[in-house]
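Residue numbers (my numbering): 1 to 53.
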Amino acid sequence: MKKCSTLPSIRTVAVDNQELVAANAKIRSHGVEKIGAVLRGYMGSMKKIAVGG
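See the structure below:
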């Protein structure tokens, strides 16, 4: 059987853990992410509705 892959090859890239932690903190402190956290909290308390029949 012939092997076929349409995915690009995956390369391993080393990232400094402290840089990654700093980048994640910066992302979480962005205004859009703060609003998203509030909205996700609201969605968690929503009730499921029936759709269709």
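All residues carry an ideal CB built from backbone N, CA and C; glycine is no exception.
Counting only the Cα atoms, Gly-31 lies some 18 Å from Val-21.
Secondary structure at Ile-35: helix, using DSSP grouped into helix, strand and coil. Here DSSP, grouped into helix, strand and coil, assigns Lys-26 to helix. When DSSP states are grouped into helix, strand and coil, Gly-52 belongs to the coil group.
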